[in-house]
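Participant: For reference, the structure I am asking about is given below.
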Amino acid sequence: MPSSESDCNGATPKERLAPLLADFPADLWDDRLYRSILWVDSYVDALSLAVLAALGADSALTTPASAATLCRALDLAGDFAPHLTWLLERAAIGGAVGVEDTSGTRRYYRTDRWRLADAPQLAAKGLAIDAGNRPTIALLQAAAAAWPRIARGEVSGEDALLNPEAIGLWLDYFDNANLLYAANNRVAAVIATASLAEKQHFSILELGAGAGSATEALLDELVRRGLKGRLQRYLVTEPSALFRRRGERRLKARRRNLPLQFAALDIDQPWADQLPDDGRFDLICGVNVLHVARDLAFSLGEARARLAPGGSLVAGECLRPFPDQSVYVEFVFQLLDSFKAVITHPDRRPRPGFLTPEEWQRSLTDAGFTNVSFRPDHRRTRSIFPHLYIAAICAQ
Numbered sequence: 000m001p002s003s004e005s006d007c008n009g010a011t012p013k014e015r016l017a018p019l020l021a022d023f024p025a026d027l028w029d030d031r032l033y034r035s036i037l038w039v040d041s042y043v044d045a046l047s048l049a050v051l052a053a054l055g056a057d058s059a060l061t062t063p064a065s066a067a068t069l070c071r072a073l074d075l076a077g078d079f080a081p082h083l084t085w086l087l088e089r090a091a092i093g094g095a096v097g098v099e100d101t102s103g104t105r106r107y108y109r110t111d112r113w114r115l116a117d118a119p120q121l122a123a124k125g126l127a128i129d130a131g132n133r134p135t136i137a138l139l140q141a142a143a144a145a146w147p148r149i150a151r152g153e154v155s156g157e158d159a160l161l162n163p164e165a166i167g168l169w170l171d172y173f174d175n176a177n178l179l180y181a182a183n184n185r186v187a188a189v190i191a192t193a194s195l196a197e198k199q200h201f202s203i204l205e206l207g208a209g210a211g212s213a214t215e216a217l218l219d220e221l222v223r224r225g226l227k228g229r230l231q232r233y234l235v236t237e238p239s240a241l242f243r244r245r246g247e248r249r250l251k252a253r254r255r256n257l258p259l260q261f262a263a264l265d266i267d268q269p270w271a272d273q274l275p276d277d278g279r280f281d282l283i284c285g286v287n288v289l290h291v292a293r294d295l296a297f298s299l300g301e302a303r304a305r306l307a308p309g310g311s312l313v314a315g316e317c318l319r320p321f322p323d324q325s326v327y328v329e330f331v332f333q334l335l336d337s338f339k340a341v342i343t344h345p346d347r348r349p350r351p352g353f354l355t356p357e358e359w360q361r362s363l364t365d366a367g368f369t370n371v372s373f374r375p376d377h378r379r380t381r382s383i384f385p386h387l388y389i390a391a392i393c394a395q
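The structure is reproduced here in structure tokens:
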């Protein structure tokens, strides 16, 4: 991954990025967000190295070894090698681990730069930047505690992170009080609203709404832009009954006079069998939903079929800036089978999880979409600030 020109204590690239962020309100991209983005990457680096140490990798890495060899040496679960590779590659970026690449096999070894950081001190630094980082810290800490147990085959990622006691972690993480996640919602809301600005009346279908934080952000933006009165229908969908009911109660209490409807929709299954009617929509939107579609081509095709003439798909997504660059939140999500159980494609979707702009471009174009754009355009921002993962993808 290219190195950033600043760290979480220093200057941010705000001025250089400003021309590329002109579509957004000035208060969205403030110093707290930039510093939080840099901080969370460093925090995940520290947690990743701590997990490696907890697994015994620090002593096992005295001589170069592949991830598969290390798994056997450390008596880890047979399917854990890809996860171990992720941790090792993350450590290699910081220089704590060196890499030998011989005949296509990467072998890792410990360097003299291996130093365990003070994770509690780093967590405190994140809170000092903004108290809104607390939900991110809590979820990352829960994942860090689960990694060794998952590595040894003692528990699945779902059992460790999606059990009833953990629901509160997820509700807090996906809330607009969480600074880092709220930025995803707001970026998508700004671009989604812009796509509707010229329409006299419009209808919206939202995918994977969870407990409704992205819905709230979009409704707030419609109000800010003076477009609320043009809304004829807003169908909010979420496959989880728990999250859907919570979101419905919250949104109906806050927006009593808006035409909100709620329904279950699993984007991996035929939409016609699930939606209440065969209506078409001027906007189909979702935040961090489509990258977990089991068959992305199928789900994009279903979305396109539901667009009204001149309608837009706006997907708020965490983008992978470069093919070989990890994304900090993968520290959590790669532990879940649903994140990994997807149909891959060598050009459109070469790996589970987050896609690069080029992979999204190919996926959307092959699904029949046109006028694909990225806001902000990561093909330009990544050379300035490769830690910027937030974007809205717009297509027609």
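Using numbering that gives the first Met the number 0, the first residue of the sequence shown is number 0, and each one after it goes up by one.
For glycine and all other residues, C-beta sits at the position ideal for the given N, C-alpha and C.
1) State the Cα-Cα distance for the pair LEU276 and ALA196, rounded to the nearest angstrom.
2) Does DSSP put SER212 in a helix, a strand or coil?
3) Count Cβ pairs between the region 368 to 388 and the region 31 to 44 that sit closer than 8 Å; are there 3 or more?
4) Does DSSP classify PRO63 as helix, strand or coil?
5) Under 9 Å, do LEU168 and GLY131 count as touching if we go by C-beta distance?
6) Cα-Cα, which of SER325, TRP146, LEU206 and LEU264 is closest to CYS284?
7) Per DSSP, what kind of secondary structure is PHE261 in: helix, strand or coil?
8) Applying the criterion that 16 or more other CB atoms from any shown protein chain within 10 Å of the CB defines a buried residue, is ALA191 buried or exposed?
9) Rounded to whole angstroms, what's the CA-CA distance from LYS13 to LEU69? Just pull it up for me.
10) Could you say if the region 116 to 124 and the region 80 to 87 meet the contact criterion of at least three C-beta pairs nearer than 8 Å?
11) Since ARG374 and ALA390 should fall inside the 8 Å C-beta cutoff, what is the C-beta to C-beta distance between them, to a whole number of angstroms?
12) Using the Cβ count rule (16 or more neighbours within 10 Å means buried), how would you classify SER2?
13) Helix, strand or coil, according to DSSP, for ILE128 in the structure here?
14) If we count the other Cβ atoms within 10 Å of its Cβ and call it buried at 16 or more, is PRO18 buried or exposed?
15) DSSP state of GLU237, grouped into three classes?
16) Quick one, are the C-beta atoms of VAL286 and GLY315 less than 9 Å apart?
Facilitator: According to the data block:
1) Position check: residue 276 holds Asp in this sequence, whereas Leu was assumed. Between ASP276 and ALA196, the C-alpha separation is close to 26 Å.
2) helix
3) yes
4) coil
5) no
6) LEU206
7) strand
8) buried
9) 42 Å
10) no
11) With a Cβ gap of about 6 Å, ARG374 and ALA390 count as contacting.
12) The pLDDT assigned to SER2 is 42, lower than 50, so where the model puts this residue is not dependable, and the model offers no usable value.
13) helix
14) exposed
15) coil
16) yes
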